[in-house]
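These notes are about the structure you will find just below.
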Amino acid sequence: MKTSKYNIIIPSIETDETILFNSLYGSLTVWDKKEIHIVNSYLSQPDSIELNHLPIKSILISQKYIIDDDVDEVAIIENRKRQGIEDGNRLDVIIMPTLDCNFDCVYCYESHRPSRMTDETETAIKRWLSSEMPNYKVVMLSWFGGEPLLGCERVISITNHAIKIAETSGIFCVTHMTSNGYLLTRANIQKVLEAGIYDFQITVDGTPETHDKLRVLKNGKKTFSRVFENINNLARSDERVKISLRVNFNQSNLHSIPRLLEMFPKDVRPHLRVVYEPIFGQCSMSATENLPAQEISEAMASYYKLARELGYDVILSGASGYTGKLVYCYAERQSQVIINYNGDVHKCSVSNFEPEARVGYIRDDGALVKEKNWNQWFSTDLFEEKCYSCVYLPLCMGGCRKMRSQLQNTGSYCTLVPTNSSYVLKQVALQGFGDLLTNNSDKGGDA
Numbered sequence: 004m005k006t007s008k009y010n011i012i013i014p015s016i017e018t019d020e021t022i023l024f025n026s027l028y029g030s031l032t033v034w035d036k037k038e039i040h041i042v043n044s045y046l047s048q049p050d051s052i053e054l055n056h057l058p059i060k061s062i063l064i065s066q067k068y069i070i071d072d073d074v075d076e077v078a079i080i081e082n083r084k085r086q087g088i089e090d091g092n093r094l095d096v097i098i099m100p101t102l103d104c105n106f107d108c109v110y111c112y113e114s115h116r117p118s119r120m121t122d123e124t125e126t127a128i129k130r131w132l133s134s135e136m137p138n139y140k141v142v143m144l145s146w147f148g149g150e151p152l153l154g155c156e157r158v159i160s161i162t163n164h165a166i167k168i169a170e171t172s173g174i175f176c177v178t179h180m181t182s183n184g185y186l187l188t189r190a191n192i193q194k195v196l197e198a199g200i201y202d203f204q205i206t207v208d209g210t211p212e213t214h215d216k217l218r219v220l221k222n223g224k225k226t227f228s229r230v231f232e233n234i235n236n237l238a239r240s241d242e243r244v245k246i247s248l249r250v251n252f253n254q255s256n257l258h259s260i261p262r263l264l265e266m267f268p269k270d271v272r273p274h275l276r277v278v279y280e281p282i283f284g285q286c287s288m289s290a291t292e293n294l295p296a297q298e299i300s301e302a303m304a305s306y307y308k309l310a311r312e313l314g315y316d317v318i319l320s321g322a323s324g325y326t327g328k329l330v331y332c333y334a335e336r337q338s339q340v341i342i343n344y345n346g347d348v349h350k351c352s353v354s355n356f357e358p359e360a361r362v363g364y365i366r367d368d369g370a371l372v373k374e375k376n377w378n379q380w381f382s383t384d385l386f387e388e389k390c391y392s393c394v395y396l397p398l399c400m401g402g403c404r405k406m407r408s409q410l411q412n413t414g415s416y417c418t419l420v421p422t423n424s425s426y427v428l429k430q431v432a433l434q435g436f437g438d439l440l441t442n443n444s445d446k447g448g449d450a
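The sequence shown begins at 4 in the working numbering and counts up one residue at a time.
Set out below in structure tokens:
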């Protein structure tokens, strides 16, 4: 027997207990002060015959903190990554009907410019979908921009086309839209719902005083009031609606999140899945450049817990506690594309979408032509050398491919994952945040 490479020990000074977590298998166990000494002894000497506490050893083996000598855990992770990259069951399609936007957010990385999808490009995309979708079991069709509702008619037309293909071919088609929410009027809500789009991501950056400094119209006018009203209308329009309420934060608005959560009506909250994401980019706006990692992690754990208590939908996979990932993000999948308004194909949504950055394009006859950038995108090693010795590797799966290939680093996750995981796991294990726990205090003290 040997000790797993991916055991993480997290002491809790508040409760005088210790959390043992395995990032590869997802095992999570809480030990009291007396038990943890025996646990540590077994982990340091898995085959010791001097130790004689079989109940604890049995748990450590069953939860895979201790594993057989012939288990190759690195190979397990590498196989997961390859399966995610080469997954032939799922097609991810993100379509951008325009790069234009009605907002002028201060931290936006995109170069917004007047642009609209033509009839010819729409036809080419429909032809590609007709030939490509039947090859998959699941199709994830997402709308992005710019602001996609500036091209609302294209969104409706192509979505209707994709859903008809799915129905005819027996494919499960999931639709989604990322919008700033300003154009989600009652009329547009009805249109997108009739087209079968029920899943949305809308950003609200804190309370009005912070949001209206970060997310303004092109003419400089405020946006919070209208976006807030539209979210409430959308959530109430159909019981199937689910909205990812995204808060992009930095030092200016992180601690306004609790007040924002209290603002939404109670009947709307179950439709809202909270997502907190750090602002990146220039130093003056970057969350990680201006906030200590510990402060970010403490706030994330606290504010996810608060959201749950207030009746919001909370999924901890967005908070660095999720095991079982196959890839770092969707852009690592071979069967994933971002189609720009002009038919250019890209991989990463964090881009200015210049023609020279494309990895291919959709031809008029509906064929996807892959260019040299496509091969370069997938030529990156599975992981960086330093990743192989990191206990958090199964939680991030190697970091951002774009950062690795262009800047030779793995991005901010190397800073945030360890601290985020620690605080999130304490929420799960010690404060009842989910049913993921094996707590030995429930076993009559025998363990």
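Where a beta carbon is used, it is the ideal one built from N, C-alpha and C, also for glycine.
Beta-carbon spacing of residue i, residue j below 9 Å
i	j	result
Glu-76	Ile-70	yes
Gly-363	Asn-376	yes
Gly-209	Leu-217	yes
Val-141	Ile-192	no
Val-195	Leu-144	no
Leu-398	Ser-26	yes
Leu-94	Met-136	yes
Lys-84	Gly-401	yes
Leu-132	Cys-155	no
Ser-289	Asn-256	no
Val-33	Ile-22	yes
Leu-220	Thr-213	no
Glu-387	Arg-366	no
His-258	Ala-302	yes
Lys-129	Gly-369	yes
Val-353	Tyr-112	yes
Asn-183	Phe-231	no
Arg-262	Val-317	no
Leu-46	Thr-6	yes
Glu-17	Asp-35	no
Ser-205	Phe-147	Note that residue 205 is Ile in the sequence shown, not Ser. The answer is no: Cβ separation not under 9 Å.
Buried versus exposed call for residue i [16 or more other C-beta atoms within 10 Å across all chains shown]
i	result
Asp-384	exposed
Gly-150	For the sequence presented, residue 150 should be read as Glu rather than Gly. By the 10 Å Cβ count, Glu-150 comes out buried.
Tyr-201	buried
Lys-350	buried
Gln-66	buried
Ser-114	exposed
Thr-126	exposed
Gln-48	exposed
Asn-251	buried
Glu-38	buried
Arg-361	buried
Thr-181	buried
Leu-153	buried
Val-372	exposed
Leu-57	exposed
Ala-190	exposed
Gln-379	exposed
Pro-281	buried
Lys-8	buried
Lys-167	exposed
Lys-60	buried
Thr-124	buried
Ala-78	exposed
Cys-393	buried
Cβ-based neighbour list, residue i, same chain, cut-off 6 Å, excluding 5 preceding and 5 following
i	result
Gly-321	Per-residue confidence for Gly-321 stands at a pLDDT of 44, beneath the threshold of 50, marking its modelled position as unreliable; the derived number appears in the next sentence. Cβ neighbours of Gly-321 beyond the five flanking positions: Val-278.
Arg-404	Glu-335 and Thr-383
Tyr-333	Asp-95 and Gln-339
Pro-211	Phe-227
Tyr-169	Position check: residue 169 holds Ala in this sequence, whereas Tyr was assumed. Around Ala-169: Cys-176.
Ser-44	Leu-54
Cutoff 7 Å; reference residue i; Cβ partners in own chain excluding five residues on either side
i	result
Thr-178	Leu-144, Thr-162, Gly-199, Ile-200 and Asp-202
His-274	Ala-238, Val-244, Lys-245 and Ile-246
Gly-87	Leu-329, Val-330, Glu-335 and Arg-336
Glu-81	Leu-385
Contact set for residue i: own chain, Cβ-Cβ below 8 Å, skip 5 residues either direction
i	result
Gln-409	none
Asn-92	Tyr-139, Lys-140 and Val-141
Met-4	Pro-49, Asp-50, Ile-64, Ile-69, Ile-70, Asp-71 and Asp-72
Arg-116	Leu-102 and Asp-103
Asn-236	Leu-187, Arg-189 and Ile-192
Stretch pair the segment 302-321 + the segment 264-280: three plus CB contacts closer than 8 Å: yes
Three CB pairs or more closer than 8 Å across the segment 336-351 and the segment 91-110: yes
Start-end ranges of the beta strand (DSSP E) lying completely within the segment 20-46, minimum 3 residues: 20-25 and 31-34
Uninterrupted alpha helix (DSSP H) stretches inside the segment 116-151 (no shorter than 4 residues): 122-135
Length at least 4, wholly inside the segment 223-276: the alpha helix (DSSP H) runs in chain order: 227-240 and 260-266
Length-filtered (4 minimum) alpha helix (DSSP H) runs lying within the segment 282-329: 290-293 and 296-312
Those runs of the beta strand (DSSP E) which lie wholly inside the segment 328-373 and span at least 3 residues: 339-342, 347-349, 363-365 and 371-373
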